[in-house]
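K.L.:
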Amino acid sequence: MPRTQKNSSRKSRHNPKSNSVQCSLHKPIQKRHPQCTSKTGPQRSNQLSGAPGSYSAKCPICSKRFLTSFIEAHASHCSTPSASYVRNKKHSSALSTFLRPRYALTLPTSAQPSETGAPGFHVFRDIFIQQEEEILRAIEATAPAWVDFMFRQTKNYGPAYDLRRKRFLFGERAPKQNSMPPYAKDIVLPRLQLLTPILKDFNPNQLAVGLYKVPGESHILPHNDCENGEIGTAVVGVCLAAACTMTLILRSQYSGVGRDVKRDVHLPKGAVYIMSGDALRVWEHAIFPGKTEATRYSLTFRDVSPIDAASYGVVEKTPKGRFTQSLLT
């Protein structure tokens with residue numbers, strides 16, 4: 001190719017430092033940014049800075065102005081914990097239908113507790129069906145790494161648990177705590193607080209994430225979470241990825257019938273269970289081998305504090321160290 005033609009072809013290329021497209025046959029054509037009225041290049045639109053404009057609208061909740069293309073998506077969940085995320089991402093109104101189940105704090109119509117036969121144990125079905133995949137991805141992507149723990153794998157956040165002493169560790173000698181993960185604070189906890197008045201002010205400081213990979217072998221031995229009186233009002237669990245059957249056990253010394261009383265409770269995936277009252281402080285619970293249908297994840301939220309039996313209002317214990325039923329309210 002002759003040198004002159006080669007040079008002319010170069011002139012037709014766009015110069016990224018220039019605000020015009022140079023053509024060998026036409027005059028320079030000024031470029032216009034799609035959201036800008038200036039010929040000098042992209043600028044911040046006054047419609048996003050809060051000034052009134054023909055393409056902006058005011059949010060009825062926060063009174064801030066947004067482009068009409070995403071005002072519906074913003075307003076549908078402006079008051080939720082994820083509102084700042086929504087304002088930054090500026091989703092279009094076409095996505096609002098898909099965003100509401102993800103961020104809006106609404107519960108399914110089936111969010112009614114089911115009877116379990118144990119006072120204080122309640123199951124709410126289908127609470128996290130729509131958010132399940134997002135939560136599972138966040139669990140795998142969030143530190144720390146999985147740790148093998150008694151027939152399952154766990155990730156722990158908040159005060160560590162001493163298995164030998166059966167106590168949560170506090171103070172200077174306690175290991176460094178992992179802070180509560182974002183998915184728990186932004187997605188899970190706000191919905192839990194809507195389930196029942198007992199969880200309205202529920203603010204747990206400890207989260208145990210469990211992974212049960214082998215349905216035939218992974219299990220939880222019978223135990224009581226409140227042996228030493230460190231648990232607050234309730235323990236709340238979330239069942240993800242697969243269903244399981246939890247067995248509730250009332251020992252013979254508490255049952256009044258001279259034998260252990262057992263109740264099997266089916267926990268479908270996406271369900272939430274709440275242990276409070278006698279179910280928390282007297283009954284034991286377990287998941288026996290073969291009672292998990294497939295690989296299953298669990299979230300267990302607790303509000304724990306370093307209190308002893310005296311400050312807890314308990315003056316007598318059974319030989320095993322568990323509070324007697326007569327002293328529990």
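Going by full-length UniProt numbering, 17 is the number at position 17 of the sequence shown; the sequence numbering is gapless. Ideal Cβ placement from N, Cα and C applies to all residues, glycine included.
Would you mind sorting Ala143 into buried or exposed? The rule is 16 or more other CB atoms within 10 Å of its CB.
P.N.:
The residue is exposed, with fewer than 16 neighbouring Cβ atoms inside 10 Å.
K.L.:
Would you kindly report the start and end of the unbroken alpha helix (DSSP H) that includes Asp278?
P.N.:
Counting along the chain, the alpha helix (DSSP H) containing Asp278 begins and ends at Gly277 to Arg281.
K.L.:
Can you give me the Cβ contacts of Pro268 inside the same chain, cut-off strictly under 8 Å, excluding the 5 residues immediately before and after it?
P.N.:
If we look at Pro268 and ignore the five residues flanking it on each side, its Cβ neighbours are Arg125, Asp126, Cys239 and Ala243.
K.L.:
From Ala138, Glu227 and Gly117, pick the residue whose C-alpha is nearest to that of Pro181; which is it?
P.N.:
The option with the nearest alpha carbon to Pro181 is Ala138.
K.L.:
For Thr300, count neighbouring C-beta atoms within 10 Å of its own C-beta (all shown protein chains included) and say buried if the count is 16 or more, exposed if not.
P.N.:
Buried is the call here.
K.L.:
Please determine, among Lys176, Thr116, Gly232 and Ser255, the residue with the shortest C-alpha to C-alpha distance to Pro306.
P.N.:
Ranking Lys176, Thr116, Gly232 and Ser255 by Cα distance to Pro306 puts Gly232 first.
K.L.:
Measure the C-alpha to C-alpha separation of Lys262 and Thr196 and round it to an integer number of angstroms.
P.N.:
For Lys262 and Thr196, the distance between alpha carbons rounds to 26 Å.
K.L.:
Using a 10 Å radius around the Cβ and a threshold of 16 neighbouring Cβ atoms, would you call Leu250 buried or exposed?
P.N.:
That one is buried.
K.L.:
Examine the Cβ distances between the stretch 167-175 and the stretch 183-201 and report whether three or more of them are shorter than 8 Å.
P.N.:
Short answer: they don't touch.
K.L.:
Need the endpoints of the alpha helix (DSSP H) that Ile135 sits in, please.
P.N.:
Looking at the DSSP string, the run of the alpha helix (DSSP H) that includes Ile135 is Glu132 to Ala141.
K.L.:
Let me know the alpha helix (DSSP H) ranges lying completely inside the UniProt domain "Fe2OG dioxygenase" (201-305), each 4 residues or longer, listed in chain order.
P.N.:
Runs of the alpha helix (DSSP H) inside the UniProt domain "Fe2OG dioxygenase" (201-305): 252-255 and 277-281.
K.L.:
Do you know how far the Cα of Ala141 is from the Cα of Gln131?
P.N.:
So the two alpha carbons sit approximately 16 Å from each other.
K.L.:
With DSSP as the reference, label Lys185 as helix, strand or coil.
P.N.:
Lys185 falls in the helix class under three-state DSSP.
K.L.:
With burial defined as no fewer than 16 other Cβ atoms inside 10 Å of the residue's Cβ, what is the status of Gln43: buried or exposed?
P.N.:
Low local confidence applies: a pLDDT of 43 at Gln43 is under 50, so the model's placement there is unreliable, and no value is given.
K.L.:
Using the three-state DSSP reduction, which class does Arg167 fall into: helix, strand or coil?
P.N.:
Residue state, collapsed to three classes: strand.
K.L.:
Looking only at its chain, what residues have a beta carbon closer than 8 Å to the beta carbon of Gly258, apart from the 5 residues adjacent to it on each side?
P.N.:
So the qualifying residues of the chain are Ser252.
K.L.:
Closer than 6 Å by C-beta to Ser49: which residues in its own chain qualify, once you throw out the five before and the five after it? Chain order, please.
P.N.:
In this prediction, Ser49 has a pLDDT of 36, which is less than 50 and means its spatial position is unreliable; what the coordinates show is noted afterwards. Same-chain partners within the cutoff: there are none.
K.L.:
Do Val265 and Val147 have their C-beta atoms within less than 8 Å of each other?
P.N.:
Not closer than 8 Å, so no.
K.L.:
Ile135 to Asp278, Cα distance in whole Å?
P.N.:
Near 30 Å, if we compare the C-alpha coordinates of Asp278 and Ile135.
K.L.:
If we count the other Cβ atoms within 10 Å of its Cβ and call it buried at 16 or more, is Ala51 buried or exposed?
P.N.:
Any reading at Ala51 must be qualified, since the residue scores a pLDDT of 37, below 50, and its modelled position is unreliable; the value itself is stated next. Ala51 should be labelled exposed.
K.L.:
Rounded to whole angstroms, what's the CA-CA distance from Tyr183 to Ala208? Just pull it up for me.
P.N.:
Distance between the alpha carbons of Tyr183 and Ala208 is about 14 Å.
K.L.:
For residue 330, list the residues DSSP reports as bridge partners.
P.N.:
Nothing can be reported for residue 330: it is not among the residues displayed for the chain, which extend from 1 to 329.
K.L.:
When DSSP builds the beta bridges, which residues end up paired with Phe121?
P.N.:
Answer is Met275.
K.L.:
Which residues in the same chain as His223 place their Cβ atom closer than 8 Å to its Cβ, once the five residues preceding and following it in sequence are excluded?
P.N.:
Taken in chain order, the residues that qualify are Glu284, His285 and Ala286.
K.L.:
In angstroms, rounded to a whole number, what distance separates the CA positions of Asp303 and Glu293?
P.N.:
Distance between the alpha carbons of Asp303 and Glu293: 29 Å.
K.L.:
Taking the straight line between their C-alpha atoms, what separation do you get for Tyr161 and Gly256?
P.N.:
One C-alpha to the other measures close to 32 Å.
K.L.:
Using the beta-carbon count (16 or more within 10 Å), is Met150 buried or exposed?
P.N.:
Result: exposed.
K.L.:
Do you know whose CA, among Ser218, Val188, Lys213 and Ser179, lies nearest Gly270's CA?
P.N.:
When only C-alpha atoms are compared, the closest one is Val188.
K.L.:
Select from Tyr212, Arg164 and Lys185 the residue whose C-alpha is nearest the C-alpha of residue 331.
P.N.:
Residue 331 is absent from the model: the chain starts at 1 and stops at 329.
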